[in-house]
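First up is the structure itself, then whatever we jot down about it.
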Amino acid sequence: MLTAKTKAPKQKLHVKKGDKVVVISGQYKSDEPREILKADARTGKIIVEGVNLRWKHQARSQQNPKGGRVQVEIPIPASKVLLFSEKLGKGTRTKIEVVDGKKVRVGVKCGTKFD
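Okay, so the sequence shown: first residue is 1108 according to the numbering used here, each after it adds one.
Pasting the structure below:
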């Protein structure tokens, strides 16, 4: 059991910050490619641009004297997205191949190299 002092083990994510992805399930499912803003390997969650929006209430401060409401993206599980392939025009699963001694993500159906 994990306690406050122990850290959760890092998960190996198939996506990283800056990747174009397609959401494959849930309310925001579509074939439209979106960019990953943040990826957290500890929790296995990612923040995708324009996906899973929630309203956050901000208190008044010197930078924001009026306060107010702002829409922010909330993390979603990384398993809900696929990498977007330009060649296919849709999301694709990936596998890891070793090319010139380096691990490279490769699309299963299209063979596109993502690294």
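We put the beta carbon where it would ideally sit given N, CA and C, even for glycine.
None of these values were measured; they are calculated from a predicted model.
- Between PHE1221 and ASP1126, the gap from beta carbon to beta carbon is short of 9 Å.
- Cβ neighbours of LYS1194 within its own chain (closer than 6 Å, five residues either side excluded): CYS1217 and THR1219.
- With contact defined as three or more Cβ pairs closer than 8 Å, the stretch 1128-1143 and the stretch 1184-1202 are in contact.
- By the C-beta density criterion, ALA1146 is buried, having at least 16 other C-beta atoms within 10 angstroms.
- LEU1160 is positioned such that its CB atom lies closer than 9 Å to that of GLU1180.
- Take TRP1162, set aside five residues on each side of it, and the residues of its chain with a beta-carbon closer than 7 Å to its own are ARG1176 and GLN1178, in chain order.
- Sequence-distant partners of GLY1174 (beyond 5 residues in either direction) whose C-beta falls short of 6 Å from its own C-beta, in its chain, are GLN1165, ALA1166 and ARG1167.
- For ILE1154, the closest C-alpha among the options ALA1148, GLN1170, LYS1136 and ILE1183 is that of ILE1183.
- Comparing alpha-carbon positions, the option among THR1150, LYS1136 and PRO1140 lying closest to LYS1114 turns out to be THR1150.
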